[in-house]
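Q:
Chains as they are written, first to last, in the working numbering: chain A, 1 to 250; chain B, 1 to 250.
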C-alpha cells in the first residue's frame, strides 16, 4: 500500500483458530474469502496467522494483532464443544469478564424452540459473550458472533463465517479501495523481469507483482499492478503495455 | 500434542510470503498440503503466518518463528522478478551474505540451455543463495530452493513446492506420528458436547475436537481423537463409541 497517505489506510489481520487446519484435516477456505471481501470494501489485509486451540496462543496472537492493525478478524472455536475456547480466550485477552449474554439468549431461545432443538448447557456456551462486546448476527445457525474493540469474532464454518462477515461490514471503517490491473504475457517471467523491474522503479507508488504459470506446454506470466488511485493505475498499466509491445513481448 | 514427552516432539511453522494471498488474488493451496505432509511424517505444525512481500516483515517473522519451532517452511517469493525478495530477506534474517551460488548455477546452466532458455540476469537472481545454505532440488522448473539453519525456503507455485518438500523430507528430523480416529455422529454437536467434554476429561492425553456440518437437512458431527500412542488412541476411541451407544447417540 504505497500510493496513499498511510493514515487513510485501514488495515486488518486474520486469525484462524483451529487444530483441524494445522493437522491438515480441514482445508481452510476462510482466508481467501475474507481477503477478497476486505479488498473489495477498502480494507488492506496485511497479515494472517493460524494458531491451535490453546488459550495462551490465542491470547498472545490477539493481543499482538489488535495492537498492530485497525481490525482483527478471527475464525473458528465458537461452537458448543469443549474445544471451542475462542470467546473465553478473547475475554482473557481483553481482561474482561465473560458470561451467558441476555441478548444472545433472546436470539437463541425462540430460534432453538422453533427448530425443536433443546437449549442444552453445551448450547448455552455459545451464548457466552465477553462484557462490552456487540453481537454479530448469524443468519445460518443463529448462535451469534461478536465484536469487541477492534476484534471481530466469527465462526469457522465457511457459510456461517460469510453470513457474519456480511453482517459486520456496515460497522467497519474502510479506506481507499485497492484497484488492480492484470496484463497476461505468454512468456516465462524470466524474460519479462528486467523490463518489469524498471517499470516498478518508474512508478514507485504502484505495487507490482508477477505470477507465473506453466500449462499445456506454454509459459504464462500475469503482471499485476495495484494502486488506490485509478488514474495512476491506468497510466502505469498503459505505459507498461506500450513498453511490452515495443519489446515484442506482447 | 499432549500424550508424549514434549522433548520428542518435532514442531514446525509455515510462513507464506506473498501479497497475492493477502489481496485474495491467489487462493493458497500450500498450507493444507504442507499440513498433511508434516502430519504424515511426524512433525507437528503449530503455527502458520502469511506476510506481504516486504523485507522487514519477512525478517521479523522468520526470526520469531525459527526461534520458536524446530523448523520453519517458507513458500513464495523465490522467482526471478523484483518482487521476489525472499532469499535476500532470509539472508538478512540470518545476518549472512547472499550471492549467485555456483552449485545453483551448475544445475541451472545446462538445464536452461537444454530447454532453449537464456540465462538472463533476472534468471540469475534465482541462483542467489544465502551463504551456508544447502540446496533443495526442484524437479519441475530447476531453480532450487534452499535450507539454512532450521529454515526451509520453497517456491509458491504448488507443484514446485511439493517437489521441494519431497526433496527435503529425508533431511528432516521427525518425531512420534500423530494418529487420529474419527467417529461420525448424525446429531448436532450441541447434543454430544457434554458427553464429549466428559470423555476429554477422562483422557487428558488425547486431543479431541468436534467438527459439525449441516447437509441436505441433516446435522452431522465428526468427533476426532488424536494421539501419538495408538493403544491409547484405540482405547479412547472404543470407550467413546461405547458411551455414545449407551446414550443412544449412535
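C-beta: ideal position from N, C-alpha, C; glycine also. Everything numeric in this text was worked out from a predicted model, so none of it was measured.
Cα separation between residue 237 of chain B and residue 98 of chain B?
A: Here residue 237 of chain B corresponds to residue number 237 of the second chain, with the count starting at 1. Here residue 98 of chain B corresponds to residue number 98 of the second chain, with the count starting at 1. Taking the straight line from one Cα to the other gives about 52 Å.
Q: Just grab the DSSP bridge partners of residue 227 of chain B for me.
A: Here residue 227 of chain B refers to the residue found at position 227 when the second chain is read from its first residue. Beta-bridge pairing links residue 227 of chain B to B/179.
Q: I need the DSSP call for residue 250 of chain A, collapsed to helix, strand or coil.
A: As a first step, residue 250 of chain A is located in the first chain; it is residue number 250 there, counting from the start. It is coil, neither helix nor strand.
Q: When DSSP builds the beta bridges, which residues end up paired with residue 255 of chain A?
A: Chain A is shown from 1 up to 250; residue 255 of chain A falls before or after that span and cannot be answered.
Q: Can you give me the Cβ contacts of residue 1 of chain A inside the same chain, cut-off strictly under 6 Å, excluding the 5 residues immediately before and after it?
A: Looking up residue 1 of chain A in the first chain gives position 1. Its pLDDT being 44, under 50, residue 1 of chain A is placed unreliably by the model, and nothing is read from it.
Q: Three-state secondary structure (DSSP) at residue 127 of chain A?
A: For this step, residue 127 of chain A is matched to residue 127 along the first chain. Residue 127 of chain A falls in the coil class under three-state DSSP.
Q: Measuring straight from C-alpha to C-alpha, what distance separates residue 34 of chain B and residue 113 of chain A?
A: Position 34 of the second chain, counted from the first residue, corresponds to residue 34 of chain B. Position 113 of the first chain, counted from the first residue, corresponds to residue 113 of chain A. For residue 34 of chain B and residue 113 of chain A, the distance between alpha carbons rounds to 43 Å.
Q: Name the chain A residues that come within less than 7 Å of residue 27 of chain B, Cβ to Cβ?
A: For the purposes of this step, residue 27 of chain B is taken as residue 27 along the second chain, with counting starting at 1. In chain order: 32.
Q: Closer than 8 Å between beta carbons: that is the criterion. Which residues of the stretch 66-81 of chain B meet it against chain A?
A: Listed by position along the chain: 79, 80, 81.
Q: Considering only residues of the same chain and omitting the five flanking positions on each side of residue 39 of chain A, which have a CB-CB separation below 8 Å?
A: For the purposes of this step, residue 39 of chain A is taken as residue 39 along the first chain, with counting starting at 1. Excluding sequence neighbours, residue 39 of chain A sits near 45, 177, 178.
Q: Thinking C-alpha only, which one of A/244, A/204, A/203 is nearest residue 222 of chain A?
A: Stepping through the first chain from its first residue, residue 222 of chain A is reached at position 222. Residue 222 of chain A has its Cα closest to that of A/244, out of A/244, A/204, A/203.
Q: Which runs of the alpha helix (DSSP H) fall wholly inside the stretch 56-143 of chain A and span at least 4 residues, in chain order?
A: Counting only runs of 4 or more, we get 86-94, 102-114, 121-125.
Q: Report the residues of the stretch 178-210 of chain A with a CB closer than 8 Å to any CB of chain B, ordered along the chain.
A: Those would be 178, 180, 188, 189, 190, 191, 192, 193, 194, 196, 197, 200, 207, 208, 209, 210, in chain order.
Q: If we ignore side chains and look at the alpha-carbon of each, how far apart do residue 68 of chain A and residue 24 of chain B end up?
A: The sequence position of residue 68 of chain A within the first chain is 68, counting from 1. The sequence position of residue 24 of chain B within the second chain is 24, counting from 1. Taking the straight line from one Cα to the other gives about 21 Å.
Q: I'd like the ranges of any alpha helix (DSSP H) spanning at least 4 consecutive residues and lying wholly in the stretch 181-210 of chain A.
A: 193-202, all fully within the stretch 181-210 of chain A.
Q: Please determine if the stretch 89-96 of chain A and the stretch 50-64 of chain A are in contact, where contact requires at least 3 C-beta pairs separated by less than 8 Å.
A: Cβ pair count under 8 Å is three or more, so yes.
Q: Report all residues from its chain with a CB closer than 7 Å to the CB of residue 200 of chain B; omit the five preceding and five following residues, and keep chain order.
A: Residue 200 of chain B sits at position 200 when you count from the first residue of the second chain. The answer, listed in chain order, is 208.
Q: Closer than 6 Å by C-beta to residue 122 of chain A: which residues in its own chain qualify, once you throw out the five before and the five after it? Chain order, please.
A: The count along the first chain starts at 1 and reaches residue 122 of chain A at position 122. So the qualifying residues of the chain are 80.
Q: Could you tell me if residue 125 of chain A is buried or exposed, where buried requires 16 or more neighbouring beta carbons within 10 angstroms of its beta carbon?
A: Within the first chain, numbered from 1, the residue matching residue 125 of chain A stands at position 125. Buried is the call here.
Q: Chain A partners of residue 230 of chain B, CB-CB under 9 Å?
A: Against the second chain, residue 230 of chain B aligns to sequence position 230. Ordered by position in chain A, no residue passes the 9 Å Cβ test against residue 230 of chain B, which lies about 16 Å from the chain.
Q: Report all residues from its chain with a CB closer than 7 Å to the CB of residue 52 of chain A; omit the five preceding and five following residues, and keep chain order.
A: On the first chain, position 52 is the one that residue 52 of chain A refers to. So the qualifying residues of the chain are 19, 22.
Q: Mind checking if residue 247 of chain A is an interface residue toward chain B, Cβ cutoff 8 Å exclusive?
A: Indexing the first chain from 1 puts residue 247 of chain A at position 247. It does not: the Cβ of residue 247 of chain A has no partner Cβ on chain B nearer than 8 Å.
Q: Just to confirm before moving on: does the CB-CB distance between residue 136 of chain B and residue 168 of chain B stay below 8 Å?
A: Looking up residue 136 of chain B in the second chain gives position 136. Looking up residue 168 of chain B in the second chain gives position 168. Contact: yes.
Q: For residue 250 of chain A, I'd like the list of residues in its chain whose CB is within less than 6 Å of its CB, leaving aside the five on either flank, ordered along the chain.
A: Residue mapping note: residue 250 of chain A aligns to position 250 of the first chain, counting from 1. Only 185, 244 meet the Cβ criterion.
Q: Closer than 7 Å, Cβ to Cβ, to anything on chain A: give me those residues from the stretch 121-132 of chain B, in chain order.
A: Against chain A - using a Cβ distance shorter than 7 Å - the residues of the stretch 121-132 of chain B are 121, 122, 123.
Q: Taking DSSP as the reference, what is the three-state secondary structure of residue 50 of chain B?
A: The sequence position of residue 50 of chain B within the second chain is 50, counting from 1. In this structure, residue 50 of chain B counts as strand in the three-state DSSP scheme.
Q: With DSSP as the reference, identify every bridge partner of residue 17 of chain A, one or two as the case may be.
A: As a position in the first chain, residue 17 of chain A is number 17, starting the count at 1. Residue 17 of chain A pairs with A/51.
Q: Work out the CA separation of residue 139 of chain B and residue 242 of chain B for me, nearest whole Å.
A: Here residue 242 of chain B refers to the residue found at position 242 of the second chain. Here residue 139 of chain B refers to the residue found at position 139 of the second chain. In a straight line, the C-alpha of residue 242 of chain B is about 50 Å away from that of residue 139 of chain B.
Q: Rounding to the nearest angstrom, what Cα-Cα distance links residue 87 of chain B and residue 152 of chain B in this structure?
A: Translated into the one-based positions of the second chain, residue 87 of chain B becomes position 87. Translated into the one-based positions of the second chain, residue 152 of chain B becomes position 152. The alpha-carbon atoms of residue 87 of chain B and residue 152 of chain B are separated by roughly 11 Å.
Q: Can residue 82 of chain B and residue 214 of chain A be called in contact, C-beta distance under 8 Å?
A: Residue 82 of chain B sits at position 82 when you count from the first residue of the second chain. Residue 214 of chain A sits at position 214 when you count from the first residue of the first chain. Cβ atoms of residue 82 of chain B and residue 214 of chain A: not closer than 8 Å.
Q: Throw me the rounded Cβ distance for the residue 78 of chain B and residue 163 of chain B pair, which I believe falls under 8 Å.
A: Reading the second chain from its first residue, position 78 is the one you call residue 78 of chain B. Reading the second chain from its first residue, position 163 is the one you call residue 163 of chain B. That pair is no contact at about 13 Å.
Q: What residue range does the beta strand (DSSP E) around residue 9 of chain A cover?
A: The residue labelled residue 9 of chain A in the question sits at position 9 within the first chain. Per DSSP, residue 9 of chain A belongs to no beta strand (DSSP E) and is neither H nor E.
Q: On the CB-based measure, 16 or more other CB atoms within 10 Å of its CB, does residue 26 of chain A come out buried or exposed?
A: As a position in the first chain, residue 26 of chain A is number 26, starting the count at 1. Buried is the call here.
Q: Taking the CB atoms as reference points, tell me whether residue 233 of chain A and residue 240 of chain A lie closer together than 8 Å.
A: Looking up residue 233 of chain A in the first chain gives position 233. Looking up residue 240 of chain A in the first chain gives position 240. No, Cβ-Cβ distance for residue 233 of chain A and residue 240 of chain A is not below 8 Å.
Q: What residue does the alpha helix (DSSP H) around residue 168 of chain A start on, and which one ends it?
A: Taking the first residue of the first chain as 1, we reach residue 168 of chain A at position 168. Segment 158-169, the alpha helix (DSSP H) holding residue 168 of chain A.
Q: DSSP on residue 148 of chain A, reduced to helix/strand/coil?
A: Along the first chain, one-based indexing puts residue 148 of chain A at 148. Of the three classes helix, strand and coil, the one that applies to residue 148 of chain A here is strand, per DSSP.
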